[in-house]
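S.K.: The first sequence begins at 2 in this note's numbering and counts up by one.
Every residue, glycine too, gets a C-beta built ideally from N, C-alpha and C.
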Amino acid sequence: MHPYRTHTCGALRKEDAGTLVKLSGWVHRKRDHGGVIFIDLRDHYGLTQVVVNPDAPFFTEVEKVRNESVITVEGEVVARTEDTVNPNMATGEIEMVASSYLLESVCDTLPFPVNQELECPEETRLAHRFLDLRRERMHNNILLRSRATALVRQHLVARGFVEYHTPILTSSSPEGARDYLVPSRLYPGQFYALPQAPQQFKQLLMVSGFDKYFQIAPCFRDEDSRADRSPGEFYQIDMEMSFITQDDLFGELEMLMVRLFKELSSKRIMAEVFPRIAFRDAMEWYGTDKPDIRFDMKMVDCTDIFTDCELKVFSSQARSGGAVKALTAKGAATQPRKFFDDMEKYAKSEGAKGLAWLALRDGEIKGPIAKFMSESEKQALMGRTAAVEGDALFFGAGPRQETNDY
RNA sequence: GGAGACGUAGUUCAGUCGGUUAGAACGCCGGCCUGUCACGCCGGAGGUCGCGAGUUCGAGUCUCGUCGUCUCCGCCA
2 MHPYRTHTCG ALRKEDAGTL VKLSGWVHRK RDHGGVIFID LRDHYGLTQV VVNPDAPFFT
62 EVEKVRNESV ITVEGEVVAR TEDTVNPNMA TGEIEMVASS YLLESVCDTL PFPVNQELEC
122 PEETRLAHRF LDLRRERMHN NILLRSRATA LVRQHLVARG FVEYHTPILT SSSPEGARDY
182 LVPSRLYPGQ FYALPQAPQQ FKQLLMVSGF DKYFQIAPCF RDEDSRADRS PGEFYQIDME
242 MSFITQDDLF GELEMLMVRL FKELSSKRIM AEVFPRIAFR DAMEWYGTDK PDIRFDMKMV
302 DCTDIFTDCE LKVFSSQARS GGAVKALTAK GAATQPRKFF DDMEKYAKSE GAKGLAWLAL
362 RDGEIKGPIA KFMSESEKQA LMGRTAAVEG DALFFGAGPR QETNDY
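1) Taking the C-alpha atoms as reference points, what is the distance between ARG136 and LEU328?
2) Provide the residue span of the alpha helix (DSSP H) that contains GLY252, from first to last.
3) For my contact list, ARG160 and GLU64 are in at a C-beta cut-off of 8 angstroms; report their separation, rounded to the angstrom.
4) Flag ARG130 as yes when its Cβ comes closer than 8 angstroms to any non-hydrogen atom of the ligand MN, and as no otherwise.
5) Give me whichever residues DSSP pairs with MET207 in a beta bridge.
6) Tell me PHE396's beta-bridge partners as DSSP assigns them.
7) Work out the CA separation of PHE373 and GLU403 for me, nearest whole Å.
8) Helix, strand or coil, according to DSSP, for ALA228 in the structure here?
9) Just checking, does the stretch 12-29 make contact with the stretch 47-54 on the three C-beta pairs under 8 angstroms criterion?
10) Relative to the alpha-carbon of ARG385, which residue among SER375, THR304 and ASP363 has its alpha-carbon at the smallest distance?
11) Could you tell me the distance, in whole angstroms, from the CA atom of LYS15 to the CA atom of ALA80?
12) Comparing alpha-carbon positions, which option in PHE244, ASN141, PRO168 and GLY233 lies nearest PHE211?
13) Alpha carbons only, please: which of ASP290, ILE143 and PHE215 is nearest the one belonging to LEU265?
14) Give me the Cα-Cα distance between ARG227 and GLU234, rounded to the nearest whole angstrom.
15) Given a threshold of 16 other Cβ atoms within 10 Å of its Cβ, counted over all protein chains shown, does GLN247 qualify as buried or as exposed?
16) Just the C-alpha distance for TYR102 and PRO122, rounded to the nearest angstrom, thanks.
17) For ASP1, count the other beta carbons within 10 Å of its own beta carbon; 16 or more makes it buried, fewer makes it exposed. Which is it?
18) Do you know how far the Cα of LEU257 is from the Cα of ARG30?
19) Compute the distance between the beta-carbons of CYS108 and SER70, then report whether it is under 9 angstroms.
20) Ordered along the chain, which non-local residues of its own chain (more than five positions away) have a Cβ less than 6 angstroms from that of HIS129?
21) Quick check on the DSSP output: the beta strand (DSSP E) that includes LEU35 runs from which residue to which?
This is the structure we're talking about:
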């Protein structure tokens with residue numbers, strides 16, 4: 002028999018009952034009943050319950066084994082009785098009754114639990130990276146990235162792209178981001194740069210007539226990290242195509258992205274042809290070039306309505322080339338006063354000068370600025386924003402670009 | 001570069017208005033337990049309250065400084 006295993010810990014099923022097998026893995030959890038001990042044995046593929054009976058010669062040794070120790074066990078696969086089947090486990094219809102036991106590697110007391118997803122300081126996790134990566138969530142993250150890169154390669158190669166590797170050390174080709182610099186040994190005082198994207202090299206290939214290029218490139222950027230962006234764990238898909246239109250490129254990317262999400266995630270894909278929003282429109286409607294369009298909250302330009310309004314902060318902006326924008330919050334009119342105060346507080350914390358608002362409640366238009374508005378202005382506003390009873394409106398006013406920001 | 005939050009047991013966290021011996025859960029150690037699957041029950045060990053100074057009769061708690069961590073803005077294609 003193989004010295005370590007005949008099966009993995011995710012493999013055994015009811016049909017295997019009666020066979021003699023060997024498993025190796027980590028002690029994920031242990032349940033010691035005094036008379037009988039259960040071990041959930043874990044490897045990359047899954048969990049299998051190992052049973053150790055009191056007459057086993059290694060029983061006292063197993064009593065002492067700590068979680069995350071590595072063991073090899075041999076034994077018979079036994080179908081569980083109906084009342085002991087665990088439907089939550091892929092291998093839950095069977096268990097292995099150990100007839101031999103070998104402690105391969107003893108584990109010290111753990112700095113944090115491996116068998117549960119408990120928050121724990123980044124510093125501690127990195128100090129024990131091998132333990133962190135044993136945790137289910139981290140393990141799955143690594144697997145997901147592996148599957149994603151494999152799928153990208155498979156898909157793009159099938160689409161006629163060629164993957165090239167380009168040099169990592171190069172001279173700097175400045176663009177937006179700061180380069181990582183690497184001192185040169187041969188030319189003291191000079192530096193290499195780690196390329197943010199291998200611009201020159203891929204373009205060299207393109208002008209040489211290689212028709213379609215892609216690369217899964219590490220993003221070397223000497224910029225401050227963020228929660229979703231840490232140096233060294235940040236890769237990008239780089240593509241170039243010859244003799245194409247903008248729409249050809251969009252189409253190619255749509256195919257790739259739809260496939261990635263279809264095959265690797267459970268997320269719902271709302272449109273296989275992505276909505277296209279012109280940059281200017283995105284800035285005018287959402288104030289950002291990466292709007293979250295799950296909420297259909299567009300800003301509406303109301304500048305002209307307020308040109309002659311008594312409310313000076315609005316009319317002065319409207320006349321001097323600034324903008325007044327309205328955002329409709331559906332059904333928010335019944336929110337308590339505190340809600341609106343909090344919204345204004347938030348807007349100010351983001352740098353806005355203020356946040357005016359109106360609520361459509363009890364058939365009236367209410368709010369601090371309502372008394373400054375004429376009937377015709379109110380009517381025009383309702384028409385423009387399509388706001389109805391129960392909605393609330395928020396306003397920003399100022400120079401066009403600033404107003405869009407907030 | 002700017003702003004904010006946090007720092008208490010191995011880990012996650014609680015700790016009232018400044019008051020006597022700083023708690024819980026998980027983990028760890030010991031004991032009991034033959035069907036659990038987050039097993040259960042009993043007991044125990046474990047703390048420079050990040051560090052330094054100050055206020056006070058008295059500081060985990062208040063003040064200042066310092067170090068560290070995290071988050072957001074800037075930055076980043």
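M.R.: Taking the structure as given:
1) Going from the Cα of ARG136 to the Cα of LEU328 covers about 44 angstroms.
2) Segment 247-265, the alpha helix (DSSP H) holding GLY252.
3) Wrong, their Cβ atoms sit about 58 angstroms apart, outside the cutoff.
4) Among the components modelled here there is no ligand, and therefore nothing to report on the ligand MN.
5) The partner list for MET207 (beta bridge, DSSP) is empty, contrary to what the question assumes.
6) As a beta-bridge residue in DSSP terms, PHE396 pairs with ALA327 and ALA357.
7) The pLDDT assigned to GLU403 is 49, lower than 50, so where the model puts this residue is not dependable, and the model offers no usable value.
8) Three-state DSSP puts ALA228 in coil, outside helix and strand.
9) Between the stretch 12-29 and the stretch 47-54, the count of C-beta pairs closer than 8 angstroms reaches three or more; the two stretches touch.
10) Comparing Cα positions, the closest option is THR304.
11) Distance between the alpha carbons of LYS15 and ALA80 is about 6 angstroms.
12) Out of PHE244, ASN141, PRO168 and GLY233, PHE244 has the C-alpha closest to the C-alpha of PHE211.
13) Just measuring C-alpha positions, the residue of ASP290, ILE143 and PHE215 sitting nearest LEU265 is ILE143.
14) Taking the straight line from one Cα to the other gives about 12 angstroms.
15) If you draw a 10 Å sphere on the C-beta of GLN247, you find fewer than 16 other C-beta atoms in it, and that means exposed.
16) Between TYR102 and PRO122, the C-alpha separation is close to 35 angstroms.
17) Outside the shown range of the chain (2 to 407) lies residue 1, about which nothing can therefore be said.
18) So the alpha carbons of these two residues sit roughly 41 angstroms apart.
19) Cβ distance < 9 angstroms, so CYS108 and SER70 count as in contact.
20) Once the five neighbours on either side are set aside, the close Cβ partners of HIS129 are PRO112.
21) Here the sequence assigns Gly to residue 35, which means Leu is not the residue at that position. Neither: GLY35 is in no beta strand (DSSP E) and is coded neither H nor E.
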